[in-house]
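Visitor: Per mature numbering (1 follows the signal peptide of the UniProt record, and there is no 0), the sequence shown runs over residues -21 to -1, 1 to 77.
Idealized CB from N, CA, C, for every residue including glycine.
Note that the structure is a prediction, hence the values are computed from the model and not measured.
Pasting a structure below so you can have a look.
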Amino acid sequence: MKKIILLLLLASGCAPHNHKAQDAIAAYLQKTVKDPGSYVPISFGEPHATSSNADTVLINHVYQEKRGVNSSVIYSNMFKVDSVSGYAQMVRSSQKTD
């Protein structure tokens, strides 16, 4: 029973950090995409700590963005997020689909 409680506490303790990172990425994209109203988050990967700084995580994010009247693009980008400051920055970009 103690192990189950410990696992639940650990799992719930990680969730707020993941949501903060997701919010930071969404805020970054709202500022940088051509049409912020067209940004649609699809999925967020699991955060992975960087070896250089324990407070910095890498997260893959898949999202859709409109690129014209009848055109939308799905991107899969890697973001670096500082969990202390909440600052997000795109590290690697790749277009998945038009």
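Per DSSP, what are the beta-bridge partners of Asp61 in this structure?
Guide: Its beta-bridge partners are Thr35 and Tyr66.
Visitor: So what's residue 79 in DSSP terms, helix, strand or just coil?
Guide: Look at the range of the chain in this structure, -21 to 77, and you will see that residue 79 is not part of it.
Visitor: Got a sec? Which residues, its chain only, sit under 7 angstroms from Lys(-2) by beta carbon, not counting five neighbours each side?
Guide: Ser62 and Gly65
Visitor: Apart from the five residues just before and just after Ser51, which ones in its own chain have a Cβ nearer than 6 angstroms to its Cβ?
Guide: Gln43 and Lys45
Visitor: Along the chain, where does the beta strand (DSSP E) that runs through Ser22 open and close?
Guide: Val19 to Phe23
Visitor: In chain order, what residues of the same chain lie with their CB nearer than 6 angstroms to the CB of Ser73, ignoring the 5 residues before and after it?
Guide: Ser55
Visitor: Smallest Cα separation from Ile38: which of Lys59, Ile53 and Val12?
Guide: It is Lys59 whose Cα lies nearest to the Cα of Ile38.
Visitor: From Gly47 to Ser17, what does the alpha carbon distance come to, in whole angstroms?
Guide: 10 angstroms
Visitor: State buried or exposed for residue 81, treating a residue as buried only when at least 16 other CB atoms are found within 10 Å of its CB.
Guide: Lying outside -21 to 77, the shown extent of the chain, residue 81 is not represented and no answer is given.
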